[in-house]
Amino acid sequence: MSWVTGIAVYVMIWWTVIFAVLPIGAHPDSRPDPRSGWRGAPTAPALWKKALVTTAVAAVLWVVVWWVVQSPYLSFRHGWLALHNN
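Per my numbering, the very first residue in the sequence shown carries number 5; after that it's consecutive.
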């Protein structure tokens with residue numbers, strides 16, 4: 005995997021993980037708007053903490069993806085997943 009591909013894969017993993025991490029611990033405002041009833045955005049979203057958790061989880065997942073791509077266990081060039089030349 006080239007470094008450009010590695011960065012692209014990391015960004016895609018990070019973007020996917022952030023949507024999984026964002027709802028954790030998010031509680032809407034307990035006092036809704038009296039006219040509309042809208043409770044709005046979470047009171048304390050802790051976005052820096054969620055960004056750090058997302059970065060760490062994405063790094064671990066990226067290492068797993070890198071290992072799978074580099075390993076001989078999952079290869080389209082040789083082995084049981086290889087395309088047969090006729």
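Where a beta carbon is used, it is the ideal one built from N, C-alpha and C, also for glycine.
All values derive from a computational prediction rather than experimental measurement.
Residue i versus the options, residue with shortest Cα-Cα distance
i	options	result
W7	A48, W66, R43 and H88	W66
H31	W71, A50, A60 and V15	A50
W18	S75, P36, V64 and P38	V64
F23	A55, F80 and S75	A55
Whether residue i touches residue j by CB criterion (8 Å)
i	j	result
G41	D33	no
L78	L87	no
V25	T47	no
V69	V13	yes
V61	V21	yes
Boundaries (first-last residue) of the alpha helix (DSSP H) holding residue i
i	result
W7	W7 to V25
A60	L51 to Q74
Paired residues, beta bridge with residue i - DSSP
i	result
P32	P46
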